[in-house]
Amino acid sequence: MDAGAVSTRRLTVNAAFLKDIKDDNRDLKILVDRLNFLTHPRPTAGGHWHELIGVLADFQDQLAMHFGLEEAYGYFDAAIDADADVSRVAEMLKLEHGELFESLRHLVDKAEATEAVVPTDSESIEGATPELTAAQEAILRRIERFLQSFHRHEEAELKLILDSLDEDLGVGD
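Just so we're aligned, residue 87 is where the sequence shown starts under the working numbering, counting upward by one.
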């Protein structure tokens, strides 16, 4: 493309479908709730480490499908007359999908690597909660930060949906 050429396309939002994707993704919500349950209170998280890794891996799979649906049906290119602010925010949020997914992928890998240091059933004392290692505590903090970033992203997409609907209906005028 010529450096002086102006793009005639912008990214816009299929607000109704993007909202449907969000409303219907019960599995993702269940996994987020399960992660919160397994990581709080902190002292008991070590006793559920293997389960935590499984839920993180399931969350990674579900997030891939969630972002894939959003990108395939919730965002699309439109003529240049699309609102520039909506287009800019939509581009930014769509780019965050890759960043969030990559961050989660690394988090799952790190959590799996720390599983080797968790005592086996034969090494633990019956009735005692395994102590968290420093590596596990670091993973738990990363999970917390990731979930906060994911929630901020989802909230921004919901705001984008509302802004897009306002723009389509002329409510924002």
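Idealized CB from N, CA, C, for every residue including glycine.
>> Give me the DSSP bridge partner(s) of L97.
In response: D163
>> In whole angstroms, give me the CA-to-CA distance for R227 and G154.
In response: 27 Å
>> I'd like the list of long-range same chain contacts for F232, defined as Cβ closer than 8 Å, with 5 residues on each side in sequence excluded.
In response: L186, S189, L190 and L193
> Buried or exposed: A224, going by 16 or more other Cβ atoms within 10 Å of its Cβ?
Replying inline: exposed
>> Between which two residues does the alpha helix (DSSP H) holding P127 run?
In response: Counting along the chain, P127 falls outside any alpha helix (DSSP H), and DSSP gives it neither H nor E.
> How would you label M87, buried or exposed, when you count the other beta carbons within 10 angstroms and need 16 or more for buried?
Replying inline: Because the pLDDT of M87 is 43, which lies under 50, any placement of that residue in the model is unreliable, and the number read from its coordinates should be weighed accordingly. Classification for M87: exposed.
>> Our contact map puts F162 next to N111 with C-beta atoms below 8 Å; I'd like the distance itself, whole angstroms only.
In response: Contact doesn't hold; Cβ gap of about 19 Å is too wide.
> Exposed or buried, what is K126 when buried is set at 16 or more other beta-carbons lying within 10 Å of its beta-carbon?
Replying inline: It should be noted that the sequence gives His, not Lys, for residue 126. Exposed, by the Cβ-count rule.
> When burial is assigned at 16 or more other CB atoms within 10 Å of the CB, is G184 buried or exposed?
Replying inline: exposed
>> For F103, which residues in the same chain have their Cβ closer than 7 Å to its Cβ, ignoring the five residues on either side in sequence?
In response: Y159 and G160
> Just checking my contact of L246 with G132 at CB under 8 Å: how many whole Å lie between their CB atoms?
Replying inline: Going by Cβ atoms, the distance from L246 to G132 rounds to 39 Å, so no, they are not a contact pair.
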